[in-house]
Amino acid sequence: MTYSLAGRCPKTDRIGFAVATSSVAVGARVGAVLPGCVVFSQARTDPRLHRVGLRAFEGGADAAGVLETMRTAAHAPHWRQLGVLTMQGEGVHHTGTSCLEHADGLTGTDCLAIGNFLGSAEVLPEMVRGFEEGSGTLEQRLLAGMLAGEAAGSERDPLQSAFLVVMGPDELKDTDLRIDDSRTPLQDVAALYADWAPKSEAYRLRAVDPDSAPSSSVIEGASPA
Numbered sequence: 001m002t003y004s005l006a007g008r009c010p011k012t013d014r015i016g017f018a019v020a021t022s023s024v025a026v027g028a029r030v031g032a033v034l035p036g037c038v039v040f041s042q043a044r045t046d047p048r049l050h051r052v053g054l055r056a057f058e059g060g061a062d063a064a065g066v067l068e069t070m071r072t073a074a075h076a077p078h079w080r081q082l083g084v085l086t087m088q089g090e091g092v093h094h095t096g097t098s099c100l101e102h103a104d105g106l107t108g109t110d111c112l113a114i115g116n117f118l119g120s121a122e123v124l125p126e127m128v129r130g131f132e133e134g135s136g137t138l139e140q141r142l143l144a145g146m147l148a149g150e151a152a153g154s155e156r157d158p159l160q161s162a163f164l165v166v167m168g169p170d171e172l173k174d175t176d177l178r179i180d181d182s183r184t185p186l187q188d189v190a191a192l193y194a195d196w197a198p199k200s201e202a203y204r205l206r207a208v209d210p211d212s213a214p215s216s217s218v219i220e221g222a223s224p225a
């Protein structure tokens, strides 16, 4: 009972995903990212499969090989919905026969949408369209796709949580934001991203070049974490 959108930006080598669901704290259970690869396990989720897939990717497997490794490792794969998007090639997906309709996956230009228990058959096409026609940062395009999916039917149950993550250079996440419990989780994560975006580069600098990083007082509204 989840829908997710993975996307990449070949110009910047950034890759990430967004996900929303009608249960609490989806960011703790659905999706994982490494430089160059996003993996999903959803429907009846097994987060352990993320590690399985990312290890296969690090071992040299392509997207199809990563997906097959996850599917083979899955207990009761008929309950699992899996997806993989890498920086090369099309995304791939698996939807088990027990996943609740509407349930499927759809690839687009530099993106992969998957979902189950959807409110209409138009949700996935609209997610892809929203991403492909979106502008701005990868985060903004992922959010555009997710919001388009919500407008096209969303899930059959009201959304409760959402998650947005994008991997940038130096094996650092540029964005890692979640809304664990809300009546409007996608709108809330979009607002959180609007607050985070102008501060993210300063926090990145703290990791890679702390001598040059600004103080907390310079990062408006930021804490000294």
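In terms of UniProt numbering, the sequence shown is numbered consecutively and its last residue is 225.
Glycine residues also receive a C-beta, built at the ideal position from the N, C-alpha and C atoms.
- The straight-line gap separating the alpha-carbon atoms of G119 and C37 is approximately 28 Å.
- As the crow flies, the alpha-carbon of L164 is around 19 Å from that of Q81.
- Taking C-beta atoms as the reference points, L85 and A6 count as a pair closer than 8 Å.
- Taking 4 residues as the shortest admissible run, the stretch 37-91 contains the following complete alpha helix (DSSP H) segments, listed from N- to C-terminal end: 48-58 and 63-73.
- The C-alpha of P210 is placed about 34 Å away from the C-alpha of S161.
- With contacts defined by Cβ atoms closer than 8 Å, R156 and F117 form a contacting pair.
- With respect to the 8 Å criterion, G96 and V123 are not classified as neighbours on the basis of their beta carbons.
- At a Cβ-Cβ threshold of 8 Å, C111 and G145 count as neighbours.
- Here the alpha carbon of L54 sits roughly 30 Å from the alpha carbon of S182.
- Approximately 6 Å separates the beta-carbon atoms of L142 and G16; this is inside 8 Å, confirming the contact.
- Nearest in C-alpha terms to V166, of all of K11, Y3, S4 and A18, is A18.
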